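From first to last, the protein sequence lines are chains A and B.
Our numbering applies: residue 865 is where the first sequence begins, and numbers increase by one.
Our numbering applies: residue 195 is where the second sequence begins, and numbers increase by one.
Think of the CB as a built atom: it goes at the ideal place given N, C-alpha and C, for glycine as much as any other residue.
Values in this document were obtained by computation on a predicted structure and should not be read as measured data.
Below is one structure; the comments refer to it alone.
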Amino acid sequence: MNVRKMTQLAMLTGVALIIFVIELQIPNPFPIPGIKLGLANIITVYAVYRFQAGEVMMIVFCRIFLAAVFSGNMMALAYSFAGSVLCLAGMLLLRKIIDKKHIWIASVFGAILHNIGQISIAALVMGTGILVYLPFLLLSGCLAGAFTGGCAQLIIRRLKETMRYDES
Amino acid sequence: MSKQKILMIICVVVFLLGIAGSILVLLTPHGTQVNIVQDGIVLYTIDLTTAQDQTLEIEYKGRTNIVQIENGRIRMLEAECPDQTCVHMGWLDSGAMPIVCLPNHLSIEYAGSGDNIDAVIR
C-alpha cells in the first residue's frame, strides 16, 4: 500500500468521524434504539465503490472503534460492529451486481443488513422481545440507506473527474 | 428482468413490510400488567391500575436507571447511559413495543405481549 492510498484512507476515516460527531449533536426525532440517519455511512458507501474490500474494512472498523471512543458509548461497539460486518459483506457482494448509477440500492441493502446485525446482537443480550423493533428498523434503514446512498452517488459522480489519478 | 430491477423490488417490499409491521406493532392493544426485565430476568411485575405513584431504582454494573410510575403510566425517568434513548421514548404506550435501555440491559414492557415466545426462551 503506497503513501497516497494510505493518506486517502486516513482522510476518509477522519471525514467519517467528523460527520459522526456532528450527527451526534443533532437530536434524534425518533427515540428508538438503533434508529439514526447514519450520515457517516456516506463515506462507507463511497469507499465500497472506490476501494478494495480490505481497504474499505480498514476505514469502517477504524471509524466505528474511534466513534465509540469519541461518543463515550463503548457499550454500543458490539452493536455497531455486528451491524457493520453484515453491512459490508452485503455491499461488497452487491457492488459487483449494482452499477454506479444505482448505488442507492446497494446502500439500502447495507442499511437493512446493518440494522439486522444490530438487532440480532440486541436479541442475544436482551432476549427476543426486542425483535418487535425490527419493522421500525427496516423502515428507517430503507429511508436512511436511500439518503446516504444518494449522497454517496452524488459524491462519486462529482469526484470522478478530479480523482481519476488515483486509479493508477 | 435485470438483477438490479429485482433488487430494487426487494427494497420496496422490505419498505412496505416495515410500514405494515410498524403499524401492527403500534396498534397492538395492551393490558395493565407491566414487567421490568433485566437480562431476560423479570425483576418486577407491576399492575399499573393499582400501583401507587413511585419511582424505582434499578442498578446495573454500577449504573442506575430510575423508573417512574405515575397515574397508571410508566416511563424511564433517568438513565445513567450515554445515549438516553430510553428516557426520550417517554411513557410506555404500545402493547408490543417495550422501552429499552440497551446499555444497561433493561426493558419495560407490557406483560402478555409475545409472552408465548418469550416464556420458552426465558
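1. Opposite Ile263 of chain B in the DSSP bridges: which residues?
2. Express the C-alpha separation of Tyr304 of chain B and Val208 of chain B in angstroms, rounding to a whole number.
3. Fully enclosed by the stretch 937-973 of chain A, which alpha helix (DSSP H) runs are 4 residues long or longer?
4. Candidates A:Arg959, A:Leu1001, A:Cys1015, A:Leu1018: which alpha carbon is nearest Phe894 of chain A's?
5. Counting only beta-carbon atoms, is Ser1032 of chain A nearer than 7 angstroms to chain B?
6. Are Ala911 of chain A and Leu956 of chain A close, meaning C-beta to C-beta below 7 angstroms?
7. Counting along the chain, where does the alpha helix (DSSP H) carrying Glu1033 of chain A start and finish?
8. With DSSP collapsed to three states, give me the class of Gln872 of chain A.
9. Put Ala305 of chain B into one of helix, strand or coil per three-state DSSP.
10. When you compare only the Cα positions, how much space is there between Lys199 of chain B and Ile906 of chain A?
11. At 9 angstroms on the CB atoms, spell out the chain A contacts of Gly215 of chain B, in chain order.
12. Check the Cβ-Cβ distances between Val933 of chain A and every residue of chain B, and say whether any is below 7 angstroms.
13. What is the DSSP secondary structure of Leu237 of chain B, reduced to helix, strand or coil?
14. Counting only Cβ-Cβ distances shorter than 8 angstroms, please list the residues of the stretch 929-960 of chain A near chain B, keeping chain order.
Let me spell this out:
1. For Ile263 of chain B, DSSP records a beta bridge to B:Gln248, B:Ile268.
2. Rounded to whole angstroms, the separation of the alpha carbons of Tyr304 of chain B and Val208 of chain B is 27 angstroms.
3. Counting whole runs of 4 or more residues, the stretch 937-973 of chain A contains the alpha helix (DSSP H) stretches 941-958.
4. Ranking the options by Cα distance to Phe894 of chain A, first place goes to A:Leu1001.
5. Reliability of the predicted coordinates at Ser1032 of chain A is poor, the pLDDT of 44 falling under 50, and no value is obtained from them.
6. No, the pair does not count as a contact, with Cβ atoms beyond the cut-off.
7. Outside the shown range of chain A, which is 865 to 1032, sits residue 1033 of chain A, and nothing can be said about it.
8. In the three-state reduction of the DSSP assignment, Gln872 of chain A falls in the helix class.
9. Secondary structure of Ala305 of chain B (DSSP, three-state): coil.
10. The C-alpha of Ile906 of chain A is placed about 23 angstroms away from the C-alpha of Lys199 of chain B.
11. Neighbours of Gly215 of chain B on chain A, chain order: Val996, Leu998, Pro999, Phe1000, Leu1002, Leu1003.
12. With 7 angstroms as the cut-off, Val933 of chain A does not count as an interface residue toward chain B.
13. Three-state result, Leu237 of chain B: strand.
14. If the cut-off is 8 angstroms between Cβ atoms, the stretch 929-960 of chain A has Ser935, Gly936, Asn937, Met939, Ala940, Tyr943, Leu958 near chain B.
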